[in-house]
Ligand SMILES: Cc1cc2nc3c(=O)[nH]c(=O)nc-3n(C[C@H](O)[C@H](O)[C@H](O)COP(=O)(O)O)c2cc1C
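Residue numbers (the UniProt record's numbering): 1 to 360.
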């Protein structure tokens, strides 16, 4: 495999993403400011509580997504293999990391393909950054990414903060919206738009809906911070390192982003700092159809392989089921429709101020 800049960056990302100080959920957990309302008389059987999720033509055991993370390097082959084994055995959806590396270097295609080969009975989601779909080759790049792994959908990640802190990152995002619109028209699979840790607003959700996007994965602020990860790659005396710390908490807190995006009528995956099944249930109560997590599964894959990831998913499922049952709901749809939650400060004021302008 060619050891080029993209590959080296991937390895550095893996190493840095393992350190706890890039995970904002270790300092401030927005989900602690969301409380679900207890129902002391759940009039059903816990065993009958169903988490099943129909997504992209598959019947899954829970509304859960292993967020797109890796691929493109030998180090990521083992990680993707472990994540895919767990997704297949626990029947949850899975994404791959940015496929840019494989568009440039065919020898790394196998590090992504392994996910489809193992996770045969669950949705597999391709991944490219917005800058990889700009220009004349944009649609072809996206088609190649989908075909490469026989994907059921493609996620296009929006990561302007990360690119701007990254010394070699992209600087020009002109024509992004037109390119996304063209992609929706040209591809045979759904196009899902995701952030990577700064969230998606109500206004952007409406814009995306207008061009035909149906799914957004909010990846809000409160989990993995890509500003901090890129800052650690930058020289210690650089202005990028300094800015990375100042902008580490930039973005829309995940619970607020879920409420905003789902208010636009889009189907929402709630992610960004989701660290447990209880957090995942809160995403659904706030309006998401499903929840996604990256770093918890990534750490489990590296520390204990597929078994560790499976255990983590089972723990998520159990807590999601508990929270669904204890709010008096028998399905995630009921949990969402009931809106059985309250927001504590500071989330409450944030939403009030946003709601005043947006009528949500
Ligand atoms: C190691 C790692 C690599 C990632 N690589 C990608 C990527 O290639 N493409 C992408 O869209 N998001 C990527 N992400 C972002 C995640 O998909 C997710 O949106 C974000 O980490 C927030 O979730 P978390 O707080 O649960 O980690 C990556 C995350 C991690 C932890």
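Even for Gly, the Cβ is constructed at its ideal location relative to N, Cα and C.
Check: Any non-hydrogen atom of ligand 1 closer than 6 Å to residue 295 Cβ; Outcome: yes
Check: Environment of residue 229 [buried if 16+ CB atoms lie within 10 Å]; Outcome: buried
Check: Start and end residues, alpha helix (DSSP H) containing residue 13; Outcome: 5 to 17
Check: C-alpha distance - residue 362 paired with residue 273, whole-angstrom precision; Outcome: Examination of residue 362 is not possible in this model, given that the chain is present from 1 through 360 alone.
Check: Meets three-Cβ-pair contact criterion under 8 Å: the region 304 to 323 and the region 80 to 96; Outcome: yes
Check: Straight-line Cα distance separating residue 332 from residue 44; Outcome: 15 Å
Check: For residue 267, the nearest candidate out of 191, 8, 82 and 74 (CA to CA); Outcome: 191
Check: Beta-carbon proximity check, residue 67 vs residue 271, cutoff 7 Å; Outcome: yes
Check: Delimiting residues of the beta strand (DSSP E) encompassing residue 36; Outcome: 34 to 36
Check: Residue 50 to residue 323 span [Cα, whole Å]; Outcome: 12 Å
Check: Cβ distance (whole Å) where residue 234 is taken to contact residue 248 below 8 Å; Outcome: About 13 Å separates the two Cβ atoms, so there is no contact after all.
Check: Buried versus exposed, by CB contacts within 10 Å (16 or more), residue 17; Outcome: buried
Check: Limits of the beta strand (DSSP E) - the one that residue 197 falls within; Outcome: Looking at the DSSP string, residue 197 is not in any beta strand (DSSP E), and its letter there is neither H nor E.
Check: Exposed unless 16 or more other CB atoms sit within 10 angstroms - verdict on residue 297; Outcome: buried
Check: The region 274 to 281 in contact with the region 256 to 263 per 3-pair CB rule at 8 Å; Outcome: no
Check: Exposed unless 16 or more other CB atoms sit within 10 angstroms - verdict on residue 412; Outcome: No statement about residue 412 is possible, as the shown extent of the chain runs from 1 to 360 and does not include it.
Check: Residue burial classification, residue 349 (beta-carbon count within 10 angstroms, cutoff 16); Outcome: exposed
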